[in-house]
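Let me begin by presenting the structure, written as structure tokens, before commenting on it.
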Amino acid sequence: MELDDFDLQILQSLQEDNQRTSQDVAERVNLSPVSCLRRMKRLRESKVVTADVSVVNPAAVGRAIMMVVLVSLESERADKLDLFKRAMQGAPEVMQCLSVTGEVDFVLTLTMADMAEYDAFAQRHFWGNPNVKRFSTLVVMNQVKNTLTVPVTTSA
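Structure, rendered in structure tokens:
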């Protein structure tokens with residue numbers, strides 16, 4: 004899908020606040036509300052906008068510990084990779100699961116209430132999984148930057 008400058012401006016506006024009305028976005032990007040609404044709908048239907056969500060502060064809901072876990076698997080056979088991916092997709096503690104190249108196979112971002120919860124998670128998904136060769140856990144001390152915003156630039 005080709006995106007023009009209006010589409011990019013709409014995307015920027017929606018990333019700043021997805022609760023904005025089409026009227027508000029239209030004023031910001033200098034389009035008619037009807038045209039803006041049509042474009043917003045097209046961006047969602049074509050999966051340029053993949054979700055409209057509210058970002059929740061984990062600590063506010065009792066999940067104060069964030070971790071990054073690097074995981075290496077024994078076997079990289081497609082069926083073994085898919086099994087691990089499905090397990091991570093089904094684990095509510097996993098905020099992100101990235102399949103990567105390099106020294107490790109996966110990078111996970113987890114949120115935990117406490118270390119006991121992480122120990123149980125590690126028992127289930129790492130120590131209890133014969134395909135996990137090794138994993139390394141990094142405990143996040145401070146979120147310097149945490150965003151889902153994708154940079155978009157217009158030609159202007």
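Residue numbering for the sequence shown follows our numbering, beginning at 4 and increasing consecutively. Just so you know, even glycine gets a beta-carbon here, dropped at the ideal spot from N, CA and C.
The stretch 103–114 makes contact with the stretch 70–86; the number of CB pairs closer than 8 angstroms reaches 3 or more. Contact between Q12 and T157 holds, since their C-beta atoms are separated by about 6 angstroms, short of 8 angstroms. In the structure shown, the three-state DSSP call for M91 is helix.
Of all C-beta pairs linking the stretch 127–134 to the stretch 57–66, fewer than three are shorter than 8 angstroms, placing the two stretches out of contact. Inter-segment contact for the stretch 116–132 and the stretch 93–104 is present: three or more beta-carbon pairs are separated by less than 8 angstroms. Residue nearest to R41 within the set D10, V58, F87 and N21 is D10 (criterion: CA-CA distance).
For a cut-off of 8 angstroms, the C-beta gap from N33 to D55 is around 23 angstroms, too long to register as a contact.
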